[in-house]
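Q: If you scroll down you'll find the structure; I have some questions about it.
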Amino acid sequence: MVYDRFKKMIKENDIDMTFHDLRHLNASIMLMLGVPDKYAMERGGWATDSVLKSVYQQTFSSERKKIDSYFNSIISKSEDDPA
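Read in order, the letters of the sequence shown correspond to residues 619 to 701 in the working numbering.
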């Protein structure tokens, strides 16, 4: 029943996503929120953090841009203020 509702929602909203993609999304959101690996592994059922990190966790481009902007501002400040 859950899977059928998922398929219907995906089709109605013209989204290209599989049910399994939800595992990747869950792992990536937990990474973005800073959930410790131990809790993420327990929630997702992964036995090792290497599978969690190498297969399931991805970054979000919007969050990546925030991080890049943060580091670029630090670099700019250090270039403006030579020690």
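C-beta atoms are modelled at their ideal positions from N, C-alpha and C, and glycine is treated no differently.
(1) Tell me where the alpha helix (DSSP H) around residue 624 begins and ends.
(2) Do residue 681 and residue 648 have their C-beta atoms closer together than 9 angstroms?
(3) Between 634, 640, 656, 622, which has its C-alpha nearest residue 674's C-alpha?
(4) By a C-beta neighbour count over all protein chains shown, 10 Å radius and 16 as the cutoff for buried, is residue 665 buried or exposed?
(5) What does the Cβ neighbour count give for residue 659, buried or exposed, with the cut at 16 atoms within 10 Å?
(6) Quick one: which unbroken beta strand (DSSP E) runs of 3-plus residues sit fully inside the segment 670-697? Chain order, please.
(7) Can you tell me which of the three DSSP states residue 638 falls into?
A: So, to answer that:
(1) Against the sequence shown, residue 624 aligns to sequence position 6. 620-630 is the span of the alpha helix (DSSP H), which, as asked, contains residue 624.
(2) Taking the sequence shown and counting its residues from 1, the one referred to as residue 681 is at position 63. Taking the sequence shown and counting its residues from 1, the one referred to as residue 648 is at position 30. The answer is no: Cβ separation not under 9 angstroms.
(3) Stepping through the sequence shown from its first residue, residue 674 is reached at position 56. The option with the nearest alpha carbon to residue 674 is 640.
(4) Here residue 665 refers to the residue found at position 47 of the sequence shown. Exposed, by the Cβ-count rule.
(5) Residue numbering aside, residue 659 sits at position 41 when the sequence shown is read from its first letter. Classification of residue 659: buried, given that the 10 Å Cβ count is 16 or more.
(6) none
(7) Translated into positions along the sequence shown, residue 638 becomes position 20. Three-state result, residue 638: coil.
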